[in-house]
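Chemist: Residues 291 to 446 (the numbering used here) make up the sequence shown, in order. Built from N, CA and C at the ideal position, the CB exists for glycine as well. What you are looking at is a predicted structure, and each value in this text was computed from that prediction instead of being measured. Here it is: the structure, laid out below.
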Amino acid sequence: MLNNRLMPFILGVLILLLDQWTKYLVKTNLFYGESISIIDGFFNLVFIKNDGAAWNIMSGQRLILVLISSFILLFLILKGHEFFSAKKIHRITYGMLLGGISGNLVDRILTGKVIDFLDFQIGTYHYPSFNIADACICLSVILYFITSKNNKQNIK
């Protein structure tokens, strides 16, 4: 039981460390605004900063974003086990959320901006650049809802 409750926090710390390490690598190896093509026409490594949330929503609202992230993180730390303990995949999504929110929160507190560096495009569609923390947050929400929906269908 202790392992089930600790696992999301351990995973969250690992994701936080991975997120901060990858952002450090970007800061120390790329110039701001630089783009390196990894898979031509599909995937680039870039170095940009985002002072908003996803798709630059709430740009320039550092204090509000820090407060919202802090509140959500505190809520998840105190109450998250009630929502994410049913299945192992839910505990994994819990850890991904904790790590992702923490990774971007550290950036917002220290610099007011989040470093984004993963850049994808398909044809003329260019997806907004993002980072490891963003990916973990999005994937955790998607996985949680997919697995929760499957649970409800199995009950009926």
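Check this for me: beta carbons of leucine 301 and glycine 389, under 8 angstroms apart or not?
Modeler: For leucine 301 and glycine 389, yes; Cβs fall inside 8 angstroms.
Chemist: By DSSP, does phenylalanine 435 sit in helix, in strand, or in coil?
Modeler: Correct three-state label for phenylalanine 435: helix.
Chemist: Could you tell me if alanine 423 is buried or exposed, where buried requires 16 or more neighbouring beta carbons within 10 angstroms of its beta carbon?
Modeler: So alanine 423 counts as buried.
Chemist: Alpha carbon to alpha carbon, what distance is there between isoleucine 347 and lysine 339?
Modeler: Whole-angstrom Cα-Cα distance: 13 angstroms.
Chemist: Buried or exposed for asparagine 394, please, with buried defined as at least 16 other CB atoms from any protein chain shown within 10 angstroms of its CB.
Modeler: Result: buried.
Chemist: Take the Cβ of isoleucine 391 as the centre, count every other Cβ of all protein chains shown within 10 Å, and call the residue buried at 16 or more, exposed below.
Modeler: Flag for isoleucine 391 reads buried.
Chemist: Among the residues of its own chain, which have a CB less than 8 angstroms from the CB of glycine 350, if the five just before and after it don't count?
Modeler: So the list reads Asp341 and Gly342, once near-sequence residues are dropped.
Chemist: With contact counted as at least three CB pairs below 8 angstroms, one residue from each stretch, are the segment 426 to 437 and the segment 374 to 382 in contact?
Modeler: The segment 426 to 437 vs the segment 374 to 382: in contact.
Chemist: Where does isoleucine 347 sit, in a helix, a strand or coil, going by DSSP?
Modeler: The answer is coil: DSSP assigns isoleucine 347 none of H, G, I, E or B.
Chemist: Please work out which residues of its chain come closer than 7 angstroms, Cβ to Cβ, to methionine 297, disregarding the five sequence neighbours upstream and downstream, and give them in chain order.
Modeler: Here the set comprises Arg381 and Gly385.
Chemist: Where do the ends of the beta strand (DSSP E) carrying aspartate 330 lie?
Modeler: Counting along the chain, aspartate 330 falls outside any beta strand (DSSP E), and DSSP gives it neither H nor E.
Chemist: Mapping the DSSP letters down to three states, classify lysine 403 as helix, strand or coil.
Modeler: In this structure, lysine 403 counts as coil in the three-state DSSP scheme.
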